[in-house]
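Each remark here refers to the structure printed beneath this line.
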Ligand SMILES: [Zn+2]
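Residue numbers (the working numbering): 4 to 72.
Following this line, the structure appears as structure tokens:
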């Protein structure tokens with residue numbers, strides 16, 4: 004039994020999951036990512052809400068990686 008031609012190697016495309024505008028990656032794709040425990044990023048979101056830059060709902064969506072700022 005040879006493995007070769009039909010052996011599909013799935014290489015995940017390197018994506019910038021965490022950026023300044025999007026510090027959290029998609030919750031549904033990567034639920035256990037360490038960004039979800041990043042207190043600095045969470046604090047930043049909190050600050051945005053305090054400054055009125057984001058609504059609480061937007062902040063939550065950002066936390067879940069859904070928000071496109
Ligand atoms: Zn992440």
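Just so you know, even glycine gets a beta-carbon here, dropped at the ideal spot from N, CA and C.
Among the options, nearest to residue i - alpha-carbon criterion
{"i": "residue 3", "options": "53, 49, 55, 20", "result": "With the chain covering 4 to 72 only, the question about residue 3 has no answer from this structure."}
{"i": "residue 50", "options": "23, 62, 25, 31", "result": "62"}
{"i": "residue 66", "options": "29, 23, 53", "result": "29"}
Reduced DSSP secondary structure (H/G/I, E/B, other) of residue i
{"i": "residue 40", "result": "helix"}
{"i": "residue 65", "result": "helix"}
{"i": "residue 47", "result": "helix"}
{"i": "residue 20", "result": "coil"}
{"i": "residue 59", "result": "helix"}
Below-8 Å beta-carbon distance, residue i vs any chain C residue
{"i": "residue 59", "result": "Chain labels in this structure do not include chain C; a single protein chain is all it has."}
#### Entry: Neighbourhood of ligand 1 [Cβ distance below 7 Å to any heavy atom], ordered by chain position
Qualifying residues come out as 20, 21, 27, 28, 33, 36, 37, 38, 39.
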